[in-house]
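Peer 1:
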């Protein structure tokens, strides 16, 4: 079943990526220490959402076996996509071939990382347990603000204009409501394995944190600031949970 008000909420969360990139209309660079902190913050938010919201609900809905299989499948799916689709991590620091080729690779990486977030929101709403969908949507919307900025930054540094970089960040954020719609439809048809799908979304998010966000937050030598950002992200997720109870 498609939940239209909730789908609109996921659209707003996805659009936050474009809002976060708006400073790049006026600037072309941000300090590397701030980049590491923001990446750590995004990683903390995703980890908190997976461990504190998705997995407890998955255990309630499907039990331990479904959860273990779902985590494995979610992480495995992201791993396969990571191998099959040509892309470039947002802060990889690798030399660029051309502006357009680099932009396409960066956009592919962002889409890969936004897919599990959108799926998470859709599955969360369809689960209908403890306002999990609302908690995840607010958390992902807040997280998308720094993610949108960091996603568009390498494009801006490669000479892409400010409006185009912001527009591309916005478009990548709109992958999330599309993935949320898929999550809603899948859960509607497969209620008996809802725990699996919640755990699948959690596994995909945890893979993204470990494979990309944490390593990228440590890349420029500001590991401690990245760690502080990570802890701030987890605590922000806890605050959101308490406020929305």
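Residue numbers (the working numbering): 195 to 439. Here a beta-carbon is modelled for each residue, glycine too, at the ideal position from N, C-alpha and C.
Rounded to a whole number of angstroms, what is the C-alpha to C-alpha distance between residue 232 and residue 409?
Peer 2: Cα to Cα, the separation comes out at about 13 Å.
Peer 1: Taking the straight line between their C-alpha atoms, what separation do you get for residue 208 and residue 335?
Peer 2: Spanning the two alpha carbons is a distance of roughly 7 Å.
Peer 1: On the CB-based measure, 16 or more other CB atoms within 10 Å of its CB, does residue 220 come out buried or exposed?
Peer 2: Residue 220 is exposed by the Cβ-count criterion.
Peer 1: Within the present structure, is the beta-carbon of residue 250 separated from the nearest heavy atom of the ligand ATP by less than 8 Å?
Peer 2: As for the ligand ATP, it is missing from this structure, which has no ligand bound.
Peer 1: Quick one: give me the first and last residue of the alpha helix (DSSP H) that residue 164 is part of.
Peer 2: The structure shown does not extend to residue 164, since the chain is modelled only from 195 to 439, so the question has no answer here.
Peer 1: Three-state secondary structure (DSSP) at residue 221?
Peer 2: Of the three classes helix, strand and coil, the one that applies to residue 221 here is coil, per DSSP.
Peer 1: In three-state DSSP terms, what is residue 322?
Peer 2: In the structure shown, residue 322 sits in coil (DSSP, three-state: anything other than H, G, I, E or B).
Peer 1: Check whether the Cβ atoms of residue 352 and residue 210 sit closer than 9 Å, and answer yes or no.
Peer 2: No, the pair does not count as a contact, with Cβ atoms beyond the cut-off.
Peer 1: Does residue 424 come out as helix, strand or coil in the three-state DSSP assignment?
Peer 2: Helix, per DSSP.
Peer 1: To which residues of the same chain is residue 197 closer than 7 Å at the C-beta, ignoring the five residues directly before and after it?
Peer 2: Closer than 7 Å at Cβ, skipping near neighbours: 319, 378.
Peer 1: Does the separation of the CB atoms of residue 260 and residue 389 fall below 9 Å?
Peer 2: Cβ distance < 9 Å, so residue 260 and residue 389 count as in contact.
Peer 1: State the Cα-Cα distance for the pair residue 251 and residue 355, rounded to the nearest angstrom.
Peer 2: Straight-line Cα distance between these residues: approximately 43 Å.
Peer 1: Pick from 401, 333, 421, 234: whose alpha carbon is nearest that of residue 433?
Peer 2: Comparing Cα-Cα distances from residue 433 to each of 401, 333, 421, 234, the minimum goes to 333.
Peer 1: Just confirm the distance between the C-beta atoms of residue 304 and residue 247, as a whole number of angstroms; I'd bet it's less than 8 Å.
Peer 2: At roughly 23 Å, the Cβ-Cβ gap does not stay under 8 Å, so residue 304 and residue 247 are not in contact.
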